[in-house]
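Here the protein sequences come in this chain order: A and B.
Just add 24 to the spot in the first sequence (first one is 1) and you have my numbering.
Just add 32 to the spot in the second sequence (first one is 1) and you have my numbering.
Have a look at the structure below, then the notes.
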Amino acid sequence: MDLSTTYMGLELRNPLVPSASPLSADVDVVKRLEDAGAAAIVMYSLFEEQIERDKQELDYFLTTYAESYSEALSYFPEPHEFRNLNAEAYLEQIVKLKEAVDIPVIASLNGVSPGGWIYFARQIEEAGADGLELNIYYIPTDPDLTADDVEQMYLGDLLQVKSTISIPVALKLSPYFTAFANMARKLDKAGVDALVLFNRFYQPDVDLATREVVPNLELSNSYEIRLPLRWMAILHDEIKASLAATSGVHTAQDVLKLIMAGADVAMLASALLKEGPGLIERILQNMQLWMEEHFFESVSEMKGSMSLLSVAEPAALLRANYIKTLGSVRKSGWE
Amino acid sequence: MAVNKVTMDGNQAAAYVAYRTNEVIAIYPITPASPMGEHSDAWSAAGQPNIWGNVPTVIEMQSEGGAAGAVHGSLQSGAMTTTFTASQGLLLMLPNMYKIAGELTPTVFHIAARTVATHALSIFGDHSDVMAARMTGFAMLASNSVQEAMDFALISQAATLGSRVPFLHFFDGFRTSHELQKITPVPDDVIRKMIDDDLVFAHRQRALTSDNPLIRGTAQNPDVFFQAREAGNAFYEKCPMIVQEAMNQFAALTGRQYHLFEYVGHPQAEHLLILMGSGAETAEETIHHLVDAGEKVGAIKVRLFRPFSASALMSAIPKTVKGIAVLDRTKEPGSVGEPLYNDVLSAVHESNEKRNITLLGGRYGLSSKEFTPAMIKGIFAELEAAEPRRHFTVGIRDDVSQSSIDFENDFSIEPENQFRGLFYGLGSDGTVSANKNSIKIISANTENYTQGYFVYDSKKSGSVTISHLRFGPAPIQSSYLIQKANFVACHQWQLLERFDVLAQAERGATLLINTPYPEDEVWEYLPARLKLDIHKKDIKLYVVDAYSVAGKAGLGRRINTIMQTCFFKIAGILPFDEALSEIKESIRRSYGQKGDWLIERNYLALEAATEGLAAVTPPAEASIDELEASIANGRQDNGEIESILRQIIAGKGDDLPVSALPCDGTFPTATAQIEKRNIAREIPVWDQEICIQCGKCAMVCPHAVIRIKAFEEDYLEDAPPTFKSVQARGKDWPEETHYNIQVAPEDCTGCRLCVEVCPVKNKQKTALKALNMAPKDPLLDAEKENWEFFLSLPEYDRSRLKINSVKESQVLQPLFEFSGACAGCGETPYIKLATQLFGDRMIVANATGCSSIYGGNLPTTPWAKNKNGLGPAWSNSLFEDNAEFGLGFRVTIDKFEAQARQLVRMLMTDIGEHLGHELLIADQSDEAEIFSQRQRVAVLRDKLSAMSSPEAQQLSSLADYLVKKSVWIIGGDGWAYDIGFGGLDHVLASGRNVNVLVLDTEVYSNTGGQMSKATPLGATAKFAAGGKSSGKKDLAFQMLSYGNVYVARVAMGANDTQTVKAFLEAERYDGPSLIIAYSHCIAHGYGMEDGLRQQQAAVKSGHWPLFRYNPELANGEGKPFIMDSRGPQIPLEDYIYNEARYKMLTKIDPAKAKQLLEKAQDGVNRQWDIHQRMSHLLNEEK
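Listed below in structure tokens is the structure:
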């Protein structure tokens, strides 16, 4: 059985890739993921904003009360050096992972400034990452910002990074684009090596007891693959870049569906956080069982077999849910 | 060899050599010597080697006594060892110093000489500490300047090895230890040549080792002790010569020649000063000036004070001298004269030369009192007088014992070709750090000599700094504050009202003001006094709106580089373009590692600063007469002590005569209320409609500026129009009771804690609470009036309040108010609570530290009293003895109470059996009972006043002790966990009824963030720069093991009700009580407005489990051990990484941070397990 696939130019032994999550912070866990069959690893995200914020806060709190009072001209030791002010630990983790595992290591970067994207992309490449996923975690809340401004910003960030480094670059996107297919094509033309669909934003909640807005992250469930599933199917035949499906991948069935829709890889995080690295092995076994039962010999054979151009009822992929649901109800004999 | 000059202060200069020439450094933090240890620790942490290529081991001990013991042991086992200390610290080292000297052990102790506490503590400089050490057998070498602090550190190190006599190398605290000077550093090869390895080996050869066993430190009997004590004399005889040889060798290597007694002045001087320390620099400078003016005067700078070489002194005194004034920077009450005077007198008397010299002894400069050229001229005038005073003081006006000599205050020798700048700023605005940076820029880029000295006030919130900067082509020896400034900058508009900023400005000087007003309007807003001075002194005025520039550049309220740029632009000390590029370079160096954003924003600000800078021409029509009239109208006078305190507040304490000050250090309380510091920009505003009257805001207010009163409606008749009140909520209040929450607008620091703790949210807009911050200025007048009215309302009857609830306890009047503690301080709310509950019968022993500074540093004290004149009595003895000091209070009170009770029994018939019996059986367990007992005592007093028997008089003087007294022993973790632990342990074990409150900030806060044994695992602190690798000592459980000690661990921000309960139970318990209170602190590295939230996180994470152990319940009904918090509910990292003290380690050494976090999390889990087991065990036991 040939499970291999190609993703952003990287030859992978199968289409299962753990996406950015805290799991990659632990080398031993990544080794276990590799042993369980993970084909590559996307590291946790390096957040430029967090790094800058940490530096600002550190500078503020280390200096703000200094030189005010005669008995205490400072309140903190002056470290000889900061070894991790500029994400050095992240870069070291790339090196450690590269040493520890044979599968490709894809770094993940969330930048905020033009300089930040370039600086960190270069550092990540130098540290030895096999690829870079740009995690554009951005909610355009400014009413003055047009859709075109937003699209140009994405394209600009991508072009800057692409012109800076030579390792493949993936872009992890939110689905909140007015014309997503068009956006995907623009990014494809701009040279993106893969699109990772989609980012799950932290959606804030309201705590009724305290009447405070609280950050909230619920782990995904299988239902959530529906959104990437559709876009895998739509984009598979449209763009050259690889496609990674993320959100809601929990079972072999999820993976199979996504591959058939057109995904080159399926990415998992919530399921691994819940069930541990061994899940990958189980999914792979179940995938193979299903493929055997259905006489598939390779992933490549299956890939895109249910894409927009391959599927019997393309309208089902294109229409909004409302119509499709009514149709289903009708078929089932309710009317 | 050309050596680049560097800029540093005296502490760094001395530590520079000490570090390079030692292998072990054992220290304990104490102002002003702490930076020497901190530098050493930083160098050691960075792996910097000494001259032998190894990295010295730096160890922080639990006290100076401990440090001296460790030094002694380290020396005895052969390591080159040193320590740094001052003042009380040196006194704690004395016992070991006798031993070290008696054993002829080479070492140098470097001392930033500081006043020893007498009638008051003082952190400032004089020689009272080192003079107390002159019996120890240590040699004593005095440095007078920053350069000498480095040079003599090396000379003393060489000489101690050569002589085997240990050395005290000392220099003046603050004046030298903290003064920045451009100096020539001693190159490592010179240090190498000065330190003879054979002598180092010889020291090591004498070490105790099992490979060559011997004993030392024996006990000796009358038969031989005396002879043995004399056996070392030869070493002392040779010592001065060895020092001089070291000085000569040093001169050969560096070109800087020193002598044991250094003569400066006219070769045929007739009048002479002899002195040591920084004052000698001013003396030399003044003498050069006087000699140039034709006067035959001179001075001898004493370098080596012990062993005192009389022959070297005599040969340094010119033959022409007729009169000598010996100046001591110390006081030895009751002696014939001070130590140096006595030595000089003996030397002159014992010399073979029969010279007719008049010898005077003078005291000067105690506690960093200024010592100026004018005073020196005054002393020479005294020497020339027909009948000079044999003993005198100089620098003060002694109108009591008439000891002081007069001098012409305006005599100045400050040269014309010198820049002298005064910079007024706030601690928080970065003025000092910018000035330090300017000094370094000017030092590095010009041939100028430079000097920087910084005056801080003793407030921790809104503290004012005054920087004194001198630059000029000639070496700067002026060891006194600037008297004639040619440049004055005021970085804070509000300081113009508070300080006479042009008082030191010379004619034609420049004044730079940071103003919120446009250049064409600013004149209108200047204080009249300032306008007058600008006219009279022909001042050139410049203004800049630095806050606006900073805001636009995204720098928030960081104005330091903006003001620095304006200074360089105006002062023209170096070409502006060059200055600008240097400032940019220093910004890049300072912030380079921390991020481009700061660099860019600062660069933007620099450009904008020069554009915003404007010269202002004073309007010609301003009438000087009118201005003078308006100033005169503004003056007002108050009561005597208040007027004295006001003078100190205004920075004019130096002008007070001796008669103005109490002779024994005793002051009235309740004086902070006169300060009205007005430091808040925003104050809380009460929304009475939605307030639920929970009292939490008043409870957490660190400055007692949020007050609550409940009162009858009738009082509202006279209320000011904006005074707010509502019906008191809850069935416990009588009908028609009104309730008010009032802010003291001029005392509030704007810390926001009250807003943060407020649990109420506005229904329409959840961002609003029942207290909301609003700009102060528009509210000020109305709120001042409301505050005055609030104060006029009666206090609620204490006996009718349920004080075991937060809600009602907060109606009690706090008797600790308006302290100068940091805005948002985590300690003061606990102290304030204690005063609300027990203040009218409270006596407090306060360990040295933050709480003794905000509690008792002149000019005022926050400790207050109620309308009946009752309130806490407070004292600070020392750092190390606080528990014992408080126990002393208890013993006396118990003794007096027992005597009073005995006298009541004896006088039962005379005072009436009923009254006597009632007095004796009163249980005084609650406020109502205590009130009744006070009334009985009043009746008793009334009866006693008509009686004349000795017993009646005795009882009259002791009757107040029949009312229960509450003894509180208060201090920080440095005291309780470290230096005072032995005493604390003993006091708690004594079984006596004392209440110990440990304000646990988990670090030495007052001296600047050094590790204590309360510092948690994984936190960074000074001396734990790589993260503390051992856990926090569990003081609570240690003391709990006694079984009869009430112990509570509290955190007001996490559970305020538990805090109130713990205080009440602890006080009620008739035995020793210990409350360990989590106190958030600026040394934790986050905004203090989040302090309460962090307290919650500390408890939720399990770092700070809350409990109470009440021994009263151990053998009866109920559970003695109550857990008041649940087990860990959030990961430890969710608590600790909100604080820079922890988070910085993730940036310094992420791997270690991770490892320590895991260890700390394990520790927290284990701690919770132990608490559960303990709870089970103790509650089962009953």
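Cβ coordinates follow ideal geometry from the N, Cα and C atoms, glycine included.
Between residue i and residue j, is the Cβ-Cβ spacing less than 9 Å?
{"i": "B:M1206", "j": "B:L1124", "result": "no"}
{"i": "B:R633", "j": "B:F850", "result": "no"}
{"i": "B:E859", "j": "B:L1016", "result": "no"}
{"i": "A:A44", "j": "A:S132", "result": "yes"}
{"i": "A:A171", "j": "A:L156", "result": "no"}
{"i": "B:L951", "j": "B:Q965", "result": "yes"}
{"i": "B:C854", "j": "B:M1043", "result": "no"}
{"i": "B:Q720", "j": "B:S757", "result": "yes"}
{"i": "B:V496", "j": "B:L458", "result": "yes"}
{"i": "B:D41", "j": "B:H159", "result": "no"}
{"i": "B:Y1101", "j": "B:Y1078", "result": "yes"}
{"i": "B:P339", "j": "B:C271", "result": "yes"}
{"i": "B:F917", "j": "B:I863", "result": "no"}
{"i": "A:G61", "j": "A:E305", "result": "yes"}
{"i": "A:L243", "j": "A:L221", "result": "no"}
{"i": "B:D430", "j": "B:P689", "result": "yes"}
Starting from the Cα of residue i, find the closest Cα among the options and give me that residue.
{"i": "A:S271", "options": "A:S331, A:L308, A:S48 and A:L292", "result": "A:L292"}
{"i": "B:E92", "options": "B:Y60, B:S76, B:A111 and B:W84", "result": "B:Y60"}
{"i": "B:L231", "options": "B:P138, B:G1058 and B:A682", "result": "B:P138"}
{"i": "B:L305", "options": "B:A284, B:P350 and B:R236", "result": "B:P350"}
{"i": "A:V66", "options": "A:Q74, A:I118, A:S94 and A:K327", "result": "A:I118"}
{"i": "B:A1056", "options": "B:R1140, B:L1067 and B:D1181", "result": "B:D1181"}
{"i": "A:M326", "options": "A:P338, A:F71 and A:H260", "result": "A:H260"}
{"i": "B:Q94", "options": "B:A1008, B:L1164, B:A1094 and B:I474", "result": "B:A1008"}
{"i": "B:Y373", "options": "B:S383, B:L392 and B:E385", "result": "B:L392"}
{"i": "B:A283", "options": "B:D183, B:A165, B:L124 and B:E414", "result": "B:D183"}
{"i": "B:T698", "options": "B:T892, B:D552 and B:T642", "result": "B:T892"}
Am I right that residue i and residue j are in contact with their C-beta atoms under 8 Å? What's the rounded C-beta distance?
{"i": "B:I437", "j": "B:F424", "result": "5 Å"}
{"i": "A:W141", "j": "A:Q184", "result": "5 Å"}
{"i": "B:I925", "j": "B:V1028", "result": "Rounded, the Cβ-Cβ distance is 16 Å, inconsistent with contact."}
Please tell me whether, using a cut-off of 8 Å, the distance from the CB of residue i to the nearest non-hydrogen atom of the ligand GTP is below it.
{"i": "A:D278", "result": "With respect to the ligand GTP, the structure shown offers nothing to examine, as it has no ligands at all."}
Enumerate, from N- to C-terminal direction, the unbroken beta strand (DSSP E) stretches of 3 or more residues contained entirely within the segment 189-213 of chain B.
199-204
Please name the residues in the segment 1180-1209 of chain B whose beta-carbon is closer than 7 Å to at least one beta-carbon of chain A, in chain order.
I1180, D1181 and P1182
In the segment 823-903 of chain B, which residue ranges form an unbroken alpha helix (DSSP H) of at least 4 residues, counting only runs that do not cross its ends?
List check, alpha helix (DSSP H) in window: 838-841, 860-870 and 882-888.
Could you pull out every unbroken alpha helix (DSSP H) segment of at least 4 residues lying fully inside the segment 42-130 of chain A, listed in chain order?
51-60, 72-87 and 112-124
Identify every run of the alpha helix (DSSP H) within the segment 510-598 of chain B, keeping only runs that are complete inside it and at least 4 residues long; order them along the chain.
Runs of the alpha helix (DSSP H) lying entirely within the segment 510-598 of chain B and spanning at least 4 residues, in chain order: 527-530, 554-557, 560-568 and 578-584.
Quick check on the DSSP output: what are the complete beta strand (DSSP E) runs of length 3 or more inside the segment 1041-1106 of chain B, in order along the chain?
1078-1082
Of the residues that make up the segment 1112-1139 of chain B, which ones have a beta carbon closer than 9 Å to any beta carbon in chain A?
C1113, I1114, A1115, H1116, G1117, Y1118 and G1119
Output the residue ranges of the alpha helix (DSSP H) runs that lie fully inside the segment 197-250 of chain A and measure 4 residues or longer, sorted by chain position.
For the segment 197-250 of chain A, whole alpha helix (DSSP H) runs of length 4 or above, ordered along the chain, are 204-213.
Please specify which runs of the beta strand (DSSP E), each continuous and at least 3 residues long, are wholly inside the segment 1123-1177 of chain B, giving them in chain order.
For the segment 1123-1177 of chain B, whole beta strand (DSSP E) runs of length 3 or above, ordered along the chain, are 1139-1141 and 1153-1155.
Entirely within the segment 768-811 of chain B and at least 3 residues each: give me those beta strand (DSSP E) ranges in chain order.
The qualifying runs are 769-775 and 803-807.
Of all the residues that make up the segment 72-95 of chain A, which are near chain B by a beta-carbon distance shorter than 9 Å?
I75, E76, D78, K79, Q80, E81, L82, D83, Y84, F85, L86, T87, T88, Y89, A90, E91, S92, Y93, S94 and E95
Report the start-end ranges of each beta strand (DSSP E) in the segment 105-162 of chain B that is 3 residues or longer and not cut off at the edges.
Restricting attention to beta strand (DSSP E) runs no shorter than 3 residues, the segment 105-162 of chain B encloses them at 113-117 and 140-145, ordered along the chain.
Using a Cβ-Cβ cutoff of 8 Å, what residues of the segment 134-157 of chain B are near chain A? List them in chain order.
I155
Sequence ranges, beta strand (DSSP E) only - wholly within the segment 731-768 of chain B, length at least 3
738-744
Members of the segment 93-119 of chain A near chain B, C-beta cut-off 7 Å:
Of all residues in the segment 93-119 of chain A, Y93, S94, E95, A96, L97, S98, Y99, F100, P101, E102, P103, H104, F106, R107, N108, L109 and A113 have a Cβ within less than 7 Å of some Cβ in chain B.
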